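Colleague:
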Amino acid sequence: MWRHGYVADYRKENQMLPKSAHTSLIAWSLLLSLAGCSISDGIIRPPKPAQLPAKQNLIAPAEDSAISVPIHVDLSAFLDAANDENLIPKKFDHWGSYLKTHKGTAYKYYAERDDFAMDRSSSQQSISTDQGTTLRDWWKGVDPPGSYVSISTALRYKIGTDPHITQCGDGNEWPRRAILNGNIAIGLTPNYGLSATVSSVAVNTTDPCKLHVADSDISQEVNNRLTNGVRGGLNNAVARINAMNVKSHVEDVWNTLLKPIQLEPDAWLLLNIEKIRHAGFSGVGPVVDDTIQVMAKPVIVFGTEPPSAPAALPQLDTQPASTEFHVVADAPIEYSTLSKALASRLKGARFSYKDDHIRITNASIYGNGGNQLVIRIDFSGDVQGHVYFVGTPEMNVLTQTVHIGGVHYDSATEKLLLKKADWIYGSAFRDFISNEAVLGVGPAIDRLRGLFTAALNRSINPMISTHGTVSSVQGVGVFADVNALYVRAMSDGALNLKVMGTH
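Residue numbering for the sequence shown is 24 to 526, as defined by the working numbering.
Below you can see the structure in the form of structure tokens.
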């Protein structure tokens, strides 16, 4: 419009000019107009894509993990009871009078034991069919726990029958030797009380007497009397175990793990604990470890301290325990960092189509909401300006890189290219950008690896510390919002808590 107005004003004010001058001015005016159109046709400057509504992060949640917590349990009261001569005699003296088998065979015996000592506790000790039946009866049809504590002591003995027949272990043969063993099945009740029963008692002879009289196995008769007597005493001794409870110690651990654990000024470990399971007893001596496993869904979050969520101690879960521990974290990567890397890779790249070409002068990337990424490419050449591509971030778990999937021109860019530079739209330029839109996220994952290691090896308070290992860390997902690109990484490993002063 400004060009036509200029020509009209000129005609009105210069009626006396020569015809040739008048014609020259009109020609210049038309030339300027055509030049302006040519410049306008060579510039591509579409508006930014409209921001999409916010979208929830749909990356898969954290996996179930187990935090192993050994609670020290002192079974000295049980051991003291087992060594109490009022419960289990030190001497089994039936040498002064004869006993009879069910077939009427007369025999006598004498045995003496030392004090019981605690053997190594076990969580996977096998038991015989008869023992298993007895335990299932005690557990009212439910299979017994797989944890046992064992005691044993040295036993010396002798056996005699009618003096005119035979004897074993007397006189110069004193003593014959054996080991007296007792196994105690032990577990936890739903309310964290200890629950124990005698699973087996056995006399294992190292120097056996083999006495058979009138089809009677005298040695077996003596063994049966010894084991029955010891079993009765142990049944009374395990009452000391059944009176014990570890709830207060478990509750201390539970309440501690409910709170966020600070890893860095802006990084926090949330364990998200849910339930508690029992792993079993282990150790040697009267003080054993009752290992519980706190089931959690750990995540690392960034920003200000998140609020803790108080929750009452749940009852003990009866599901089998696991030892795996995973931590999940969403590492934010600033778009300025990604843009710098993308520009470094693309700047200066030349793209030609027949006689036309463009050269990339800059590249940037940002989040547009709705898990959408926008790539802006600036260029010069036969066409100048910029274009916008949009796509969705996708995690390549094999290469540990982020690829932008479904890259295409946004609608405003598409319309402008079809109108002014269809050779760019119809060429392989989009494919070129799509192939180059690969984002390295190694530094972010390396940072998380350091955080995972720090989270698993630290002091939580003066009484509780964590000790763990990280076997692997890998990116498993990605999500984009307007603030940052979030890469989700997960670690595999194991975590144990050390609790001071529990007993």
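No residue lacks a Cβ here, since even glycine has one placed at the ideal position from N, Cα and C.
Note that the structure is a prediction, hence the values are computed from the model and not measured.
According to DSSP, which residues form a beta bridge with GLY210?
Modeller: Answer is SER218.
Colleague: My output table needs one value for SER91: the three-state DSSP class, helix, strand or coil.
Modeller: Looking at SER91 - three-state DSSP - the assignment turns out to be strand.
Colleague: Of all the options PHE475, ASP312 and THR489, which has the alpha carbon lying nearest to the alpha carbon of PRO481?
Modeller: Checking the sequence shown, residue 481 turns out to be Arg, not Pro. Among PHE475, ASP312 and THR489, the Cα nearest to that of ARG481 is on THR489.
Colleague: Taking C-beta to C-beta, are ASP401 and THR384 nearer than 8 Å?
Modeller: A contact, by the Cβ cut-off of 8 Å.
Colleague: Can you tell me the Cα-Cα spacing of ILE356 and TRP291, whole angstroms?
Modeller: Computed Cα separation, rounded: 17 Å.
Colleague: At which residues does the alpha helix (DSSP H) containing GLU244 begin and terminate?
Modeller: Segment 241-260, the alpha helix (DSSP H) holding GLU244.
Colleague: Pairing CB atoms from the segment 175-183 with CB atoms from the segment 208-223, are three or more of them under 8 Å?
Modeller: As far as the Cβ criterion goes, the segment 175-183 does not touch the segment 208-223, which means the pair count is below three.
Colleague: Name the residue from THR124, TRP118 and ALA140 whose alpha carbon lies nearest to the alpha carbon of LYS131.
Modeller: Selected option, being the one with the closest Cα: TRP118.
Colleague: Whose C-alpha, out of LEU479, ALA100 and ASN506, is nearest the C-alpha of LEU294?
Modeller: Nearest of LEU479, ALA100 and ASN506 to LEU294, Cα basis: LEU479.
Colleague: Could you say which of VAL172, LEU280 and LEU369 lies nearest to ALA386 if we only look at CA atoms?
Modeller: Comparing Cα positions, the closest option is LEU369.
Colleague: Is it the case that the CB of GLN342 approaches a heavy atom of the ligand SAH more closely than 7 Å?
Modeller: For the structure depicted, the ligand SAH is absent and the ligand set is empty, with no information on it obtainable.
Colleague: Considering only residues of the same chain and omitting the five flanking positions on each side of GLU196, which have a CB-CB separation below 8 Å?
Modeller: Excluding residues within five positions, the ones whose Cβ falls inside 8 Å are LYS181.
Colleague: Using a 10 Å radius around the Cβ and a threshold of 16 neighbouring Cβ atoms, would you call SER99 buried or exposed?
Modeller: It is exposed - the Cβ of SER99 has fewer than 16 other Cβ atoms within 10 Å.
Colleague: Hey, MET267 and VAL522 are a contact pair by Cβ (cut 8 Å); roughly how many whole angstroms apart?
Modeller: Not confirmed; about 16 Å, so no contact.
Colleague: Return the CA-CA distance between PHE502 and TYR171, expressed in angstroms with no decimal places.
Modeller: Looking at the two C-alpha atoms, the distance is approximately 49 Å.
Colleague: Quick one: measure Cβ to Cβ for LEU339 and ILE299, integer angstroms, because I've assumed they're closer than 8 Å.
Modeller: Indeed they touch by this definition, with Cβ atoms about 6 Å apart.
Colleague: Would DSSP call HIS117 helix, strand or coil?
Modeller: Three-state result, HIS117: strand.
Colleague: Buried or exposed: ILE94, going by 16 or more other Cβ atoms within 10 Å of its Cβ?
Modeller: It counts as buried.
Colleague: Name, in chain order, the residues that DSSP records as bridge partners for ARG373.
Modeller: Per DSSP, ARG382.
Colleague: Exposed or buried, what is VAL92 when buried is set at 16 or more other beta-carbons lying within 10 Å of its beta-carbon?
Modeller: Result: buried.
Colleague: How is the beta strand (DSSP E) around ASP313 delimited, first residue to last?
Modeller: It spans 310-319 - the beta strand (DSSP E) in which ASP313 sits, taken as one unbroken run.
Colleague: Does the segment 313-332 come within contact of the segment 453-464, defined as at least 3 CB pairs closer than 8 Å?
Modeller: No, they do not touch.
Colleague: Using beta-carbon positions only, say whether LEU441 and ILE90 come within less than 8 Å of one another.
Modeller: Contact: no.
Colleague: On the premise that ILE388 lies in contact with GLN423, defined as a C-beta separation below 8 Å, what is that separation, rounded to the nearest angstrom?
Modeller: Not quite, the Cβ-Cβ distance comes to about 19 Å (not below 8 Å), so this is no contact.
Colleague: Less than 8 Å between the CB atoms is what I'm expecting for PHE412 and VAL430, so what's the real figure, rounded?
Modeller: Right, the Cβ-Cβ distance comes to about 5 Å (below 8 Å), so this counts as a contact.
Colleague: With DSSP as the reference, label GLY408 as helix, strand or coil.
Modeller: GLY408 falls in the strand class under three-state DSSP.
Colleague: I'd like to check one pair, PRO309 with LEU102: are the Cβ atoms closer than 8 Å?
Modeller: Cβ atoms of LEU102 and PRO309: closer than 8 Å.
Colleague: Would you kindly work out how many angstroms separate the C-alpha atoms of SER173 and ALA512, rounded to a whole number?
Modeller: Between SER173 and ALA512, the C-alpha separation is close to 44 Å.
Colleague: Give the C-beta separation of LEU234 and THR184 to the nearest angstrom, bearing in mind that I take them to be a contact with Cβ-Cβ under 8 Å.
Modeller: LEU234 to THR184, Cβ: 6 Å. Contact.
Colleague: What does DSSP give as the partner residues of ARG300 in its beta bridges?
Modeller: The partner list for ARG300 (beta bridge, DSSP) reads GLN316 and ASP340.
Colleague: Tell me the DSSP bridge mates of TRP291?
Modeller: Looking at the DSSP assignment, TRP291 forms a beta bridge with GLN285 and VAL324.
Colleague: Is it buried or exposed, GLU604, if we count other Cβ atoms within 10 angstroms and call 16 or more buried?
Modeller: The structure shown does not extend to residue 604, since the chain spans only 24 to 526, so no value can be given for it.
Colleague: When the Cα atoms are used, what is the spatial distance from SER223 to VAL510?
Modeller: Going by the C-alpha atoms only, they are around 55 Å apart.
Colleague: Work out the CA separation of SER514 and SER495 for me, nearest whole Å.
Modeller: If I take the Cα positions, the gap works out to 6 Å.
Colleague: Could you tell me the alpha carbon to alpha carbon distance between GLU135 and THR314, rounded to whole angstroms?
Modeller: Near 36 Å, if we compare the C-alpha coordinates of THR314 and GLU135.
Colleague: Report the CB separation of GLY392 from LYS71 in whole angstroms; it is logged as a contact under 8 Å.
Modeller: So it is not a contact: roughly 12 Å between Cβ atoms.
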